[in-house]
Amino acid sequence: MAGGVKKPVNIFKLKNLGEPKQVFNWRLWFAVFSFGLMGAARGVDEGLISGAFNSKDFQRAIHYDSYTVYERANIKANVSSMVQIGSVAGALFAFVICDRIGRIWATRQLCLVWIFGIAIFMGSNGNLAAIYAGRFIAGLGVGQTPVVGPVYIAEITPASIRGLCTCIFTGFVYLGIVLAYFTNYGCQIHMGDNTPARWLVPTSLHVIFAGLIFCLTFFQYESPRYLVKQGRDDKALEVMSRLRQLPPDDEYVQREVNAIVVSHHEEMEATKGAGWSSVLKEAFTIRRNLYRVGLTMGAQIMSQWSGAGSITLYAPDLFELLGVVGTNETLLITAVFGIVKLVAAVLCALFLVDFIGRKRSLLLGITCQAVSMIYVASFLSAVPGMDGHSDYTLKSAEVGASKGAIAMIYLSGFGWALGWNSMQYLLTAELFPLRIRAFCTSLAMTFHFVNQYGNSRAVPNMLLPVDKGGISPQGTFWFFAAVTITGGLWVWFFIPETAGRTLESMDRLFSLPWYKIGRYGNGDAEVQDAAFNEKRMETEQGLQQGKEVRNSIYAHGTYTGPSAPHSPETKVN
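All residue numbers for the sequence shown refer to UniProt numbering, where the first residue is 1 and numbers rise by one.
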């Protein structure tokens, strides 16, 4: 490498791609932290809403006891899932905002929308219409976070640690969940269950996180890839130089920015620089891109209906269903559940996703989920009294199995954090070409929230006994088990390994016929990589030889070697 810089040794990487040690600097990690913090948007809401809804003061304000059992299930589902409805719209137009005003300003506006919606929710005074409206508006902001955050992180990080950095977004999802769970638990212990502060104080976490993210954006740079897309190549080079802590004329920085510029120009040439209609055409008519769209859509279906997301949202209710007695005990066990998921997310980010690869990490997480769902479903089937309908008391012989089911819920959360919840953001952010990246990520996240809404809206009704219109708790978990197993087979067959690849080289993974990509796409891409690198080296050697020839002519007036070029007017530096 130029300058004799030693290649860094990094135990968190699947491949050592020879980056200079200056690349892994505080400015990069600060940027990753600032945009990863957006992951807390979903985590805070998922961790807060069930505990806040279950407080007696909140239920008294909305006259919850005046409704039938079926109506209560619908009200709880509506309040819980209204953020997901708003998030569908938020994710849908996030790509327009990202591409029109950039990643930085997109972040600022989503924070303001998020705060505005939560303010309406907190000031609703028990009015269900205001509660729904406030949570919907908050969802418009929250729904943009999994588009803006992962895309920005993927665009600024080196290929060797892109998985680690993007998974920091997922880690903050769980940090938000943990803080929300423990805030609910602390307020329940110290404030009681009958004061407005019991649910208003935890809900203020939304405002804290949104305000912090908004302030941090003023210390960050716009994405170099977005700048290239806007035709500001010089500014992109300047920003990349600052992010990498290397001078603008450094070989590594020059090569990285040139690769982005060349790739974007090739995309523009292929589409003749047309407008949004060409973006749609490029996404859905080019076979390689259509396959990638199908991958991200399939990932959202398999992940959301595997049940783990619903367990996060309705954790207090599910732990009570499995035999945990008492509000305080339920909230404490739920808070510990959040810690388990946070630890799993950290392990995935540091030791798995860039070390053993995306696909193996995902399959490991799915296996954990499948085992846990089958156990819980079997337990609920073996103990018919645990139907959520009757006040059943566990027999002494069933207590151990109940504790095992609780442990399996923890295992499902561990597997979810290792697998689907990390990969659904990472794969979406890194698969697509620059020209259509924001649009396709936005499309995938819209589909994400559509499925999340459908799942969170359906689960309270699914858990109802059969005679009340549900499929029973055991039926619900058997359904989750079936989807999880199906998802594992789908991943093995269709998803290629993307670890260690630059964003500009992803296209090589999708050259084979669709039925071979998941199993053989990575090997085929490595063959293409070798051919590309060989061609690049030949080109660089040719350019260098050309410089030497022209400089010789300038200095001596003659050149006797082969293929002497025309004498230039000035010496090439």
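Each residue gets a CB set at the ideal place from its N, CA and C atoms; glycine is no exception. From a predicted model like this one, the values you see are computed outputs, not experimental measurements.
Here Gln59 has Phe53, Asp65 as same chain residues with Cβ atoms under 8 Å from its own Cβ, once five neighbours each way along the sequence are excluded.
The shortest CA-to-CA distance from Ile409 to any of Ser124, Ser310, Ile436 is the one to Ser310. Each residue's CA atom was taken as its position, placing Tyr226 and Val371 some 43 Å apart.
Between Gly43 and Ala180, the C-beta spacing is below 8 Å. Secondary structure note for Arg100: its alpha helix (DSSP H) is the uninterrupted segment 69 to 122. If you draw a straight line from the Cα of Ser396 to the Cα of Leu318, it is about 20 Å long. Thr195 and Thr183 have their alpha carbons spaced roughly 15 Å apart. If only uninterrupted alpha helix (DSSP H) runs of at least 4 residues are considered, those enclosed by the region 143 to 173 are 145 to 156.
In this structure, DSSP gives Trp305 a state outside helix and strand, which the three-state scheme calls coil. In this structure, DSSP gives Arg501 a state outside helix and strand, which the three-state scheme calls coil. At the C-beta level, Leu342 and Leu418 stay beyond 8 Å of one another.
In the assembly as shown, Glu329 is an exposed residue. Its beta-carbon has fewer than 16 other beta-carbons within 10 Å. Secondary structure at Tyr221: coil, using DSSP grouped into helix, strand and coil. In the structure shown, Ile471 falls within a coil segment according to DSSP collapsed to helix, strand and coil. Annotation: Ile49 to Glu266 spans about 47 Å, alpha carbon to alpha carbon. Between the alpha carbons of Phe494 and Ala299 lies a gap of roughly 10 Å.
By the Cβ criterion, the region 130 to 137 is not in contact with the region 152 to 170, since fewer than three pairs of Cβ atoms, one from each stretch, lie closer than 8 Å. Between Arg198 and the set Lys281, Leu295, Ala61, Gly90, the nearest pair of CA atoms involves Ala61.
In the displayed model, Leu512 falls within coil according to three-state DSSP, outside both helix and strand.
Leu112 and Val96 have their C-alpha atoms some 17 Å from each other. About 4 Å separates the Cβ atoms of Gly171 and Ala345, confirming a contact at the 8 Å cut-off.
DSSP places Val239 inside the alpha helix (DSSP H), whose first and last residues are 233 to 244.
Taking the CA atoms as reference points, Arg287 sits about 40 Å from Gly47. The alpha carbon of Ile85 has as its nearest neighbour, out of Met445, Arg108, Val253, the alpha carbon of Met445. The beta carbon of Gln22 sits closer than 6 Å to those of Gln245, Leu246, all from its chain and outside the five residues before and after it, given in chain order. Taken through DSSP and simplified to helix, strand or coil, Asn522 comes out as helix.
In the structure shown, the three-state DSSP call for Ile339 is helix. Excluding the 5 residues flanking it on each side, Gly192 has same chain C-beta neighbours closer than 8 Å at Arg198, in chain order. Excluding residues up to 5 positions away in sequence, nothing lies with its Cβ nearer than 6 Å to the Cβ of Ala407 in the same chain. Ranked by how close their Cα comes to the Cα of Phe214, the residues Phe35, Cys98, Leu243 have Phe35 in first place. With fewer than 16 other Cβ atoms from the protein chains shown falling within 10 Å of its own Cβ, Glu251 counts as exposed. Ile406 carries a helical assignment under DSSP once its states are collapsed to helix, strand and coil. In the structure shown, the three-state DSSP call for Asp250 is coil.
Within 10 angstroms of the beta-carbon of Gln369 lie 16 or more other beta-carbons, which makes it buried. The C-beta of Gln230 has fewer than 16 other C-beta atoms within 10 Å across all chains shown, which makes the residue exposed. Judged by DSSP secondary structure, Thr203 falls within the alpha helix (DSSP H) whose first and last residues are 197 to 203.
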